[in-house]
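Data block below; observations after.
There are 2 protein chains.
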Amino acid sequence: MSGRTSSTANAETVSRVNQTAILDALRQHGPLSRQQIGARTGLSAATVNRLAAQLLSRGLIVTDGHQPSTGGRPSILLRYSGRGQLVSVLHVGATRTEGALVDFDGGIVHRVRRPVVPDVLHAADRATIRLEEALSVVAELGAAADGRGQPSQAIGVVVPGVAGADGRVTWAPALDWREVPVGSLLSERTGLPVVVENDANVLAVGEHHRGAGRGVQDLVAVMLGTGIGTGIVTGGRLHRGSRAAAGEIGYMLLDRSSLARLFPGFGDLESRVGSAGLTRQARERGIAAPDGRPLTAADVFDLVRSGSVEARALLEETLDHVALAVANLCTVLDPELVIVGGEMGGAADLITPGLRDRLVGRIPHVPRLAASELGDDAVIVGAAELAARLVRNSAYVAATR
Amino acid sequence: MSGRTSSTANAETVSRVNQTAILDALRQHGPLSRQQIGARTGLSAATVNRLAAQLLSRGLIVTDGHQPSTGGRPSILLRYSGRGQLVSVLHVGATRTEGALVDFDGGIVHRVRRPVVPDVLHAADRATIRLEEALSVVAELGAAADGRGQPSQAIGVVVPGVAGADGRVTWAPALDWREVPVGSLLSERTGLPVVVENDANVLAVGEHHRGAGRGVQDLVAVMLGTGIGTGIVTGGRLHRGSRAAAGEIGYMLLDRSSLARLFPGFGDLESRVGSAGLTRQARERGIAAPDGRPLTAADVFDLVRSGSVEARALLEETLDHVALAVANLCTVLDPELVIVGGEMGGAADLITPGLRDRLVGRIPHVPRLAASELGDDAVIVGAAELAARLVRNSAYVAATR
DNA sequence: TGGGTACAGTATCAGCCTGATAGAAAACTC
DNA sequence: GAGTTTTCTATCAGGCTGATACTGTACCCA
Chain A
-16 MSGRTSSTAN AETVSRVNQT AILDALRQHG PLSRQQIGAR TGLSAATVNR
34 LAAQLLSRGL IVTDGHQPST GGRPSILLRY SGRGQLVSVL HVGATRTEGA
84 LVDFDGGIVH RVRRPVVPDV LHAADRATIR LEEALSVVAE LGAAADGRGQ
134 PSQAIGVVVP GVAGADGRVT WAPALDWREV PVGSLLSERT GLPVVVENDA
184 NVLAVGEHHR GAGRGVQDLV AVMLGTGIGT GIVTGGRLHR GSRAAAGEIG
234 YMLLDRSSLA RLFPGFGDLE SRVGSAGLTR QARERGIAAP DGRPLTAADV
284 FDLVRSGSVE ARALLEETLD HVALAVANLC TVLDPELVIV GGEMGGAADL
334 ITPGLRDRLV GRIPHVPRLA ASELGDDAVI VGAAELAARL VRNSAYVAAT
384 R
Chain B
-16 MSGRTSSTAN AETVSRVNQT AILDALRQHG PLSRQQIGAR TGLSAATVNR
34 LAAQLLSRGL IVTDGHQPST GGRPSILLRY SGRGQLVSVL HVGATRTEGA
84 LVDFDGGIVH RVRRPVVPDV LHAADRATIR LEEALSVVAE LGAAADGRGQ
134 PSQAIGVVVP GVAGADGRVT WAPALDWREV PVGSLLSERT GLPVVVENDA
184 NVLAVGEHHR GAGRGVQDLV AVMLGTGIGT GIVTGGRLHR GSRAAAGEIG
234 YMLLDRSSLA RLFPGFGDLE SRVGSAGLTR QARERGIAAP DGRPLTAADV
284 FDLVRSGSVE ARALLEETLD HVALAVANLC TVLDPELVIV GGEMGGAADL
334 ITPGLRDRLV GRIPHVPRLA ASELGDDAVI VGAAELAARL VRNSAYVAAT
384 R
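If you read the sequences in order, they're chains A and B. Under my numbering, the letters of the first sequence match residues -16 to 384, in that order. Under my numbering, the letters of the second sequence match residues -16 to 384, in that order.
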């Protein structure tokens, strides 16, 4: 290390870059012949052929039949194949721990779901309990992968909170995790590379890669659920910020009076539209869940759909706040697309039109608004993509060629 | 073009990357011997030597004496040398047109200043007048460069408005420019590569490269002046957004009531803290410039310094609004550093402490705040850097080697 | 049925770049 | 002035790309 400032390149770099170009072309545009790959990437036929041969031998691409001849020799189609290459994904959510084995195509081949026992939700030692459960889920996934004869090659961990680039969870309120080194814990136990990431960030990656944001280089994914957060992709890359806190718009200040208050541990916006704020406001308006449970966002949507005037008013007020945050986000970033996901993503029909109405005329460039395409799986798929990148780009692969 | 999706690499790419690595090392760490360059970059001695020879012959680096021997052959120091390589910079501001010849070291070797005649400021054909003046300034710069025997190699243009990547100014209200293709006009006339950029963006580039933001990878530069705008650097690169409108925080919405209004052509924040808003509010508070001119920000600062209670209240209110915008910017981006520049940058002693007080306790991660180091020249230096990059990285150079 | 044609894929080779090694150059020490 | 130490330079092997020529495969048409 010692003061290395910039990265250099050599022949191997060139080869890796070009292999990635071929893989990207195949993943984005489906099966292609060698000729078509050459046309898309600008690489010569000889180079495409040689690199394709290497990728075939590594199992990263497979042949996929022939294309009908157009008068000459028919071309052999090549297809990206992530099947047979697995990563583990662990999603430690507020109300459940979820695990999945995902192949490099984003296909979920195995799932584990562990709802959190209600007693644990507020237990004093819930942080420890959740951590041990998380470790056991990863072990279970590893065993399942081994059982399939396709060992897991990396681990992606998703937490509702701030995670540093070193795999340490700085602060995840819903889990009561502070400074928990999940990354190093898991990599020591399994010997695999681990990436730990915020839930909104992986939502953005998932939708960018395989969902509503395919091919879009600048997008924002808004995670509306228990809390509110966003994942930001700029120039095709995840923007994490200097302290991994980029996109934490729960802390946005929504009017000048906010300057007169302090927000220790929770944010201005979050206190208004997060589930706690929602419940409080619902109570003030006399709205309650049918069976007396604490009110959730889903309940509010159900009430709106069944015609409740109070619930509609509550929704409109929430939308006002969300719209302010999204408007400010858009003036800062000028994204091409904003994707709404999380618990409320399923009610996109109630959210996106209201959002659009509030943005038009108030900010100069209103981006496209879309609902999450991948739904609940967006987070899993995004984390799997990050984990797969660890495998594809690391020396780890180079060593196993 | 035709659907090229990703970039590929070849041997020339490798060479260019490594040359850039050497240049970066020299620019960041001052004069270094070939050995030291090798240690910093990780390149072999042979490669460093060969690439250094090419850079020497291109005049991009020069020898700079010897280092005292430590027992063996003393090493020859190499230094980045931008002197002898010139670019033209054109800054079309609200109240003046400024031109400069800048060397690759960021040194300003020649200046042209043309204040705008007051009659022109509101003339119907001011757009045309300002454009012709701009073209003549560029011609003058070109002649001056030729006179020095060091022809200008590229042109950087700065405008207070939105500029597309194609060199077209979409909308610059202060100039009344709409869809003006400055880039192509200039490149046709001069045959040189041209880059056109927003003033806040070049401020960010200038401070990032040679000012308060050296070595910082994620920063925001806030341009406080006639209008308000920001330039965003993420991961060391300028973030422009999908429509080149990133950082236009003049359009931020500052409270829920803003949703009830429309903002056609001007923004919520801008209408409160821009010079028009400032003047209006000053009038409401009974503040006037000593000699009856329209009030400027500088006047307000002078009044505050001379003890005016009304001016202080106006400043505090302005700071409230700016702080809201900066707070929201920070929650979105999580920058390491926020730099205050523009007309108000000179009054940083009045601004940054007030900003800091308002941010602490309200957002979770308060970035460092700093005043522009380069002052009025930050914009010039930033634009020169962008223009120099055109030269260093383009095929244009490859052709003239 | 068989040759011609068109296109896909493959082998060969020159050119470029890097890194390793050995050698030349320059200053210092004894 | 010879030896030592360190820096710089020349040479060469190895890897990668791209150009060219060549082989393979299917269709077309007589």
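Note that beta-carbon positions come from the ideal geometry of N, C-alpha and C, so glycine has one too.
Once DSSP output is grouped into helix, strand and coil, what is the label at residue i?
i               : result
A195 of chain B : coil
V315 of chain B : helix
D129 of chain A : helix
A272 of chain B : coil
F249 of chain A : coil
T53 of chain A  : coil
Q200 of chain B : coil
H93 of chain B  : strand
D238 of chain B : coil
T153 of chain B : strand
V321 of chain B : strand
G337 of chain B : helix
E293 of chain A : helix
T111 of chain A : helix
G48 of chain B  : strand
A229 of chain A : coil
S40 of chain A  : helix
Considering only their Cβ atoms, is the gap separating residue j from residue i smaller than 8 Å?
i                : j               : result
I211 of chain B  : L316 of chain B : no
V92 of chain A   : V70 of chain A  : no
L124 of chain A  : G150 of chain A : no
L245 of chain A  : L236 of chain A : no
D282 of chain B  : A272 of chain B : yes
A183 of chain B  : T209 of chain B : no
Q2 of chain B    : L34 of chain B  : yes
A(-8) of chain A : V165 of chain B : no
E116 of chain A  : R131 of chain A : no
L186 of chain B  : G324 of chain B : yes
Based on DSSP bridge pairs, tell me the residues matched to residue i.
i               : result
H74 of chain B  : B:E81, B:V141
D86 of chain B  : B:L69
P98 of chain B  : B:R79
V185 of chain B : Partner(s): none; V185 of chain B has no beta bridge.
E180 of chain B : B:V141
S254 of chain B : Partner(s): none; S254 of chain B has no beta bridge.
H222 of chain A : A:I215
L60 of chain A  : A:S16
A306 of chain A : DSSP, once it has assigned bridges, lists no residue as partnering A306 of chain A.
Work out the CA separation of residue j and residue i for me, nearest whole Å.
i                 : j               : result
A155 of chain B   : D102 of chain B : 19 Å
V374 of chain B   : Q136 of chain B : 7 Å
L369 of chain A   : L278 of chain B : 54 Å
H105 of chain A   : L207 of chain A : 22 Å
I270 of chain A   : V364 of chain A : 36 Å
A157 of chain B   : C313 of chain B : 28 Å
G218 of chain B   : G54 of chain B  : 42 Å
S(-15) of chain A : R23 of chain B  : Model confidence at S(-15) of chain A stands at a pLDDT of 37, short of 50, so the residue's coordinates are unreliable; what they give is reported in the following sentence. Cα-Cα distance, rounded: 8 Å.
E253 of chain B   : E300 of chain A : 25 Å
V205 of chain A   : V45 of chain A  : 36 Å
V380 of chain B   : D360 of chain B : Confidence is the limiting factor: at V380 of chain B the pLDDT is only 35, short of 50, which leaves the residue's position unreliable and the question unanswerable from this model.
A280 of chain B   : L261 of chain B : 8 Å
S291 of chain A   : R268 of chain A : 11 Å
D340 of chain A   : I232 of chain A : 21 Å
A229 of chain A   : E319 of chain B : 11 Å
A(-6) of chain B  : S225 of chain B : 32 Å
G189 of chain A   : G358 of chain A : 10 Å
R197 of chain A   : V152 of chain A : 29 Å
F87 of chain B    : R223 of chain B : 23 Å
S355 of chain A   : L298 of chain A : 19 Å
F249 of chain B   : D159 of chain B : 13 Å
Checklist entry - Whole alpha helix (DSSP H) runs in the stretch -5 to 31 of chain B with 4 or more residues, listed along the chain? => result 17 to 24
Item to check | Those runs of the beta strand (DSSP E) which lie wholly inside the stretch 345 to 381 of chain A and span at least 3 residues | outcome: 351 to 354
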